[in-house]
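Numbering (the working numbering), first residue to last: 111 to 677. Backbone N, C-alpha and C fix where the C-beta goes; we use that ideal spot for every residue, glycine too. The structure displayed is predicted, hence computed values, not measured ones. Take a look at the structure below.
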Ligand SMILES: [Zn+2]
Ligand SMILES: [Zn+2]
């Protein structure tokens with residue numbers, strides 16, 4: 111449960127709650143003894159410390175020893191703990207909050223493709239692509255990075271096939287937008303032999319314009335018709351560079367929502383070398399659509415559910431049942447008819463029977479499941495599968511999740527509650543508001559993502575961005591959740607606003623709860639990991655727009671400074 115002054119409770123079971131509070135008491139007692147025996151490594155004084163503990167206490171100062179908070183209190187209390195080798199950081203009245211988390215982050219964006227993140231109009235997009243075409247050999251495939259969205263463009267639409275043809279008549283062009291969408295020019299459609307009579311692939315969509323001609327758009331599993339040039343191999347150096355960008359934004363913990371075993375092995379090597387600057391929880395993603403193939407994939411990976419420690423842990427298995435902005439699977443038809451006279455309800459990327467089969471198998475093997483579900487029809491499918499798994503062996507208390515949960519119906523809340531689900535929610539509306547109005551109509555678009563409804567019904571909601579689909583700055587998430595302000599669509603769905611305190615919980619302790627680490631991190635309390643962010647302004651009282659502009663002056667992970675803004 112979570113409320114304005116409460117935080118995620120440890121569990122519905124009194125036994126677990128008792129155990130957790132004993133654990134915390136032990137730490138407080140042990141750390142007091144320890145503090146007397148050995149002075150802290152670091153103290154931070156003269157601050158406004160928003161602890162996000164159960165009472166939302168405010169303090170002035172913090173002591174840190176061996177990577178954990180050992181004391182939180184007044185300046186006088188904390189200064190007396192200092193020894194000759196203690197480093198003292200004077201905060202000059204700045205605000206300290208617990209380290210921020212992103213519960214659903216694929217990567218930090220960027221990449222070797224054409225960068226569209228700074229494009230503000232269709233001509234900007236075409237200019238960037240044209241520049242790449244001019245540097246490319248005849249026939250070379252041009253691919254864009256995925257970290258942009260048409261809502262950032264003046265025209266508020268995607269560039270389509272004929273736009274792309276105007277700057278690249280010969281080189282195939284694949285515009286990648288987020289995780290569910292490609293747009294191809296004519297040369298690319300020809301290269302991969304995609305024609306008007308190509309059958310619609312199951313779980314995907316080849317889109318047409320109002321005249322019935324291909325507009326170049328491929329949604330979800332239709333993307334499999336195209337084979338992109340291999341991405342450069344992921345390296346430890348590349349991951350380190352990404353993590354540094356995330357630290358700079360105030361992130362101290364992330365959850366990768368479905369990544370490869372190869373990436374996990376790199377992260378393990380980083381943990382072994384001690385070069386991780388962010389705590390990582392990784393959901394695994396395997397290409398398996400039956401119980402048998404999932405069993406084989408798990409065995410081949412050698413990865414065990416929940417293995418790891420506070421730096422790197424396996425968090426479960428990622429599955430998905432529908433599309434994204436253009437393909438979320440809905441009970442009611444889209445507002446945009448896609449030439450189908452109002453019958454399009456989105457894309458169901460994994461059918462009920464195989465999905466249920468895989469979910470039940472994962473439950474038997476002790477894996478927690480996290481499923482991408484955007485539309486209400488997708489949530490219906492997820493609930494049916496989770497319920498049938500839970501009938502075999504209860505999933506209550508296991509913190510299975512719905513990832514995204516954009517459109518949820520009143521009849522679904524009690525079923526979600528009965529399964530004790532946790533919600534992993536992001537700020538997609540902040541970026542994509544106007545597109546969602548176009549696809550789903552204004553009333554439905556402004557319900558995305560119903561934070562107020564979830565919290566009022568007692569769900570623990572963990573926040574994030576889905577970066578690179580939405581840019582990763584966590585203060586944009588907080589800004590959007592408290593104001594419902596969007597980049598280019600004004601305020602949408604004001605009835606779903608949450609308070610500053612709730613938004614902070616969503617970005618800190620609730621994310622810790624999501625990964626079973628709420629006794630370890632997510633608030634500034636003695637015994638917990640010393641992950642924190644220093645910001646110049648008081649995040650509880652500045653105007654909403656200042657939250658959106660907020661930038662950390664310092665980020666600490668495990669008591670070590672991982673980012674400090676140059677003054
Ligand atoms: Zn997703
Ligand atoms: Zn995602």
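Hey, could you find the ends of the alpha helix (DSSP H) residue i is sitting in?
i	result
residue 659	654-659
residue 614	610-617
residue 582	First-last for residue 582: undefined, no H or E at that position.
residue 351	346-358
residue 511	It is not in any alpha helix (DSSP H) - residue 511 instead sits in the beta strand (DSSP E) that spans 511-514.
residue 274	271-277
residue 291	Per DSSP, residue 291 belongs to no alpha helix (DSSP H); it is in the beta strand (DSSP E), 291-294.
residue 336	Residue 336 -> no alpha helix (DSSP H), and no H or E assigned at all.
residue 189	185-189
residue 468	462-474
Does ligand 1 have a heavy atom nearer than 7 angstroms to the CB of residue i?
i	result
residue 58	Here the chain covers residues 111 to 677 and nothing more, so residue 58 does not appear.
residue 212	no
residue 491	no
residue 515	no
residue 183	no
residue 430	yes
Taking DSSP's pairing of strands, which residues face residue i in a bridge?
i	result
residue 643	207 and 665
residue 158	205
residue 180	Paired residues: none, contrary to the question.
residue 198	153
residue 532	511
residue 430	482
residue 287	291
residue 601	595
With a cut-off of 8 angstroms on the beta carbons, I'd call residue i and residue j a contact; round off their distance for me.
i	j	result
residue 171	residue 151	In fact, because the Cβ distance is near 14 angstroms, the residues do not count as touching under 8 angstroms.
residue 338	residue 376	Residue 338 to residue 376, Cβ: 21 angstroms. No contact.
residue 168	residue 155	Actually they are not in contact, since the Cβ atoms of residue 168 and residue 155 sit about 14 angstroms apart, beyond 8 angstroms.
residue 518	residue 560	6 angstroms
residue 662	residue 360	4 angstroms
residue 263	residue 228	No, residue 263 and residue 228 are not in contact; Cβ-Cβ is about 11 angstroms, not under 8 angstroms.
residue 356	residue 304	Incorrect: roughly 37 angstroms between the Cβ atoms, too far for contact.
residue 430	residue 481	6 angstroms
residue 546	residue 535	Between residue 535 and residue 546 the Cβ distance is about 15 angstroms, and since that is not below 8 angstroms, they are no contact.
For the beta strand (DSSP E) holding residue i, just list the boundary residues, first then last.
i	result
residue 748	Residue 748 is absent from the structure shown; the chain starts at 111 and stops at 677.
residue 420	Element bounds for residue 420: n/a, residue is neither H nor E.
residue 392	389-394
residue 483	479-483
residue 670	670-674
residue 175	171-175
residue 224	Where residue 224 is concerned, there is no enclosing beta strand (DSSP E), given that its DSSP letter is neither H nor E.
residue 573	571-574
Does the beta carbon of residue i fall short of 7 angstroms from some heavy atom of ligand 2?
i	result
residue 576	yes
residue 573	no
residue 216	yes
residue 579	yes
residue 433	no
residue 367	yes
residue 438	no
residue 289	yes
Residue i by DSSP, collapsed to three states: which one?
i	result
residue 678	The structure shown has nothing for residue 678, since the chain only spans 111 to 677.
residue 540	helix
residue 308	coil
residue 317	strand
residue 331	helix
residue 558	coil
residue 591	helix
residue 547	helix
residue 505	coil
residue 444	coil
residue 248	coil
residue 377	helix
residue 677	coil
residue 398	coil
residue 458	strand
If we define contact as Cβ-Cβ less than 8 angstroms, is residue i a contact residue for chain B?
i	result
residue 430	In the structure shown, chain B does not exist; there is a single protein chain.
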